[in-house]
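Trainee: Let me give you the structure first, and then I'll get to my questions.
In the working numbering, the protein residues as written are 20 to 272.
Shown next as structure tokens:
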């Protein structure tokens with residue numbers, strides 16, 4: 020466990036010190052400043068608008084951090100032979116799990132800082148609700164799942180561009196996978212219903228994890244639901260981690 024936490028700490032510190040982390044943070048601040056300036060246009064819905072934009076910008080900027088930060092750092096480590104040095108001290112399992120944990124900690128730290136920044140704006144405009152924290156937590160769970168797919172594609176593919184594109188593809192596929200099922204209930208389709216359901220259940224069910232809607236409207240959620248989405252996310256991460264680890268081990272040997 021000590022080696023896993025050591026790799027996680029190295030990955031976290033490397034990601035935290037990169038220029039990508041600062042650029043993504045400045046992008047978040049710039050968009051939130053623009054949102055704050057446009058709040059006067061949402062007459063009667065200012066509170067919901069600020070909460071909605073805050074959570075959306077938080078999620079999108081975190082996704083950019085994963086794509087341009089986490090993916091790039093993996094290939095940079097491989098090209099500079101730093102990965103080979105790490106593997107002289109840790110096993111492939113410890114290395115992959117440590118990097119995944121470090122990336123999740125990096126995303127978690129960014130999410131916390133973004134939540135605090137949004138909290139200041141919302142508090143100033145009397146729009147703060149503790150449901151916002153629940154929405155941010157659900158975003159963090161989604162991004163942890165994206166991190167494990169980032170690890171999988173980085174270990175499978177030799178190109179960082181393809182790994183980034185596949186990570187983005189899985190994110191958007193999981194985000195909108197529920198819409199085709201809803202459409203097929205109303206109108207007939209050439210695609211079999213069972214096929215769409217299989218694809219939906221293979222992808223992470225972001226529609227069940229995402230609690231932004233409740234957070235935007237300031238509605239609380241049951242504690243049991245939080246436990247359920249946390250367990251689901253951890254199980255899904257564990258399932259995807261196995262092929263990611265095996266792909267890395269096969270590549271190194």
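For every residue, glycine included, the Cβ atom is placed at its ideal position computed from N, Cα and C.
When the Cα of residue 229 is compared with those of 142, 172, 251, which residue comes out closest?
Mentor: Here residue 229 corresponds to residue number 210 of the chain shown, with the count starting at 1. Closest option to residue 229, Cα to Cα, is 251.
Trainee: Hey, quick one: how far does the alpha helix (DSSP H) through residue 169 stretch, first residue to last?
Mentor: Position 150 of the chain shown holds residue 169. First-last of the alpha helix (DSSP H) with residue 169: 150-175.
Trainee: Between the Cα of residue 95 and those of 248, 177, 167, spot the shortest distance and give me the residue it belongs to.
Mentor: Here residue 95 refers to the residue found at position 76 of the chain shown. Of the listed residues, the one whose Cα sits closest to residue 95 is 177.
Trainee: When the Cα of residue 155 is compared with those of 31, 51, 74, which residue comes out closest?
Mentor: Indexing the chain shown from 1 puts residue 155 at position 136. Answer by Cα proximity: 74.
Trainee: Can you name the start and end residues of the alpha helix (DSSP H) that residue 181 belongs to?
Mentor: In the chain shown, counting from the first residue as 1, residue 181 sits at position 162. Residue 181 -> alpha helix (DSSP H) spans 179-195.
Trainee: Does the distance from the C-beta atom of residue 170 to that of residue 119 stay below 8 angstroms?
Mentor: Translated into the one-based positions of the chain shown, residue 170 becomes position 151. Translated into the one-based positions of the chain shown, residue 119 becomes position 100. Yes. Within cutoff.
Trainee: Which residue from 172, 103, 26, 146 puts its Cα closest to that of residue 124?
Mentor: As a first step, residue 124 must be located in the chain shown, where it is residue number 105. Looking at the Cα atoms, 26 is the closest of the given residues.
Trainee: Assuming residue 86 is part of the alpha helix (DSSP H), what are its boundary residues?
Mentor: Here residue 86 is taken as the residue at index 67 of the chain shown, counted from 1. No alpha helix (DSSP H) holds residue 86; DSSP gives it neither H nor E.
Trainee: Identify, in the order they occur along the chain, each residue of the same chain with its Cβ nearer than 7 angstroms to the Cβ of residue 183, setting aside the five sequence neighbours on each side.
Mentor: As a first step, residue 183 must be located in the chain shown, where it is residue number 164. Here the set comprises 86, 90.
Trainee: How would you call residue 198, buried or exposed, if buried means at least 16 neighbouring beta carbons within 10 angstroms?
Mentor: Residue mapping note: residue 198 aligns to position 179 of the chain shown, counting from 1. With fewer than 16 Cβ atoms within 10 Å of its Cβ, residue 198 is classed as exposed.
Trainee: Give a yes or no on whether the C-beta atoms belonging to residue 267 and residue 122 are separated by under 8 angstroms.
Mentor: Reading the chain shown from its first residue, position 248 is the one you call residue 267. Reading the chain shown from its first residue, position 103 is the one you call residue 122. No, the Cβ-Cβ distance between residue 267 and residue 122 is not below 8 angstroms.
Trainee: With 16 as the cutoff for other CB atoms within 10 Å, does residue 239 come out buried or exposed?
Mentor: Here residue 239 corresponds to residue number 220 of the chain shown, with the count starting at 1. So residue 239 ends up on the exposed side.
Trainee: I need the DSSP call for residue 223, collapsed to helix, strand or coil.
Mentor: Residue numbering aside, residue 223 sits at position 204 when the chain shown is read from its first letter. Reduced to three states, the DSSP call for residue 223 is coil.
Trainee: Excluding the 5 residues preceding and the 5 following residue 262 in the sequence, name in chain order all residues of the same chain whose CB lies nearer than 7 angstroms to its CB.
Mentor: Position 243 of the chain shown holds residue 262. Taken in chain order, the residues that qualify are 171.
Trainee: Residue 193 and residue 222: beta carbons closer than 8 angstroms?
Mentor: Counting from one through the chain shown, the residue named residue 193 turns up at place 174. Counting from one through the chain shown, the residue named residue 222 turns up at place 203. Yes, these two residues count as a Cβ contact at 8 angstroms.
Trainee: Which same chain residues, not among the five before or five after residue 77, have their C-beta less than 8 angstroms away from its C-beta?
Mentor: Working through the chain shown from its first residue, we reach residue 77 at position 58. Once the five neighbours on either side are set aside, the close Cβ partners of residue 77 are 47, 130, 133, 134, 137, 155, 158.
Trainee: Grab me the residues of residue 66's own chain with a C-beta within less than 6 angstroms of its C-beta, minus the 5 sequence neighbours each way, in chain order.
Mentor: Locating residue 66 in the chain shown gives position 47, where the first residue counts as 1. Same-chain partners within the cutoff: 146.
Trainee: Thinking C-beta only, is residue 248 closer than 8 angstroms to residue 227?
Mentor: Against the chain shown, residue 227 aligns to sequence position 208. Against the chain shown, residue 248 aligns to sequence position 229. Yes, the pair counts as a contact, with Cβ atoms nearer than the cut-off.
Trainee: Do the CB positions of residue 214 and residue 186 come within less than 8 angstroms of each other?
Mentor: As a working mapping, residue 214 is identified with position 195 in the chain shown. As a working mapping, residue 186 is identified with position 167 in the chain shown. Contact: no.
Trainee: Going by DSSP in three states, residue 145 sits in which element: helix, strand or coil?
Mentor: Taking the chain shown and counting its residues from 1, one reaches residue 145 at position 126. Coil at residue 145, not helix or strand.
Trainee: Among the candidates 117, 236, 225, 52, whose CA atom is the shortest distance from the CA of residue 152?
Mentor: The residue you call residue 152 lines up with position 133 of the chain shown. Checked all of 117, 236, 225, 52; the closest Cα to residue 152 is 236.
Trainee: If the criterion is Cβ atoms closer than 8 angstroms, does the pair residue 84 and residue 39 meet it?
Mentor: For the purposes of this step, residue 84 is taken as the residue at position 65 of the chain shown. For the purposes of this step, residue 39 is taken as the residue at position 20 of the chain shown. Their beta carbons are under 8 angstroms apart, which means residue 84 touches residue 39 by this criterion.
Trainee: So, at 8 angstroms on beta carbons, what are the nonlocal neighbours of residue 58 in its own chain, with the 5 sequence-adjacent residues on each side left out?
Mentor: Residue 58 sits at position 39 when you count from the first residue of the chain shown. 65, 68, 69, 144.
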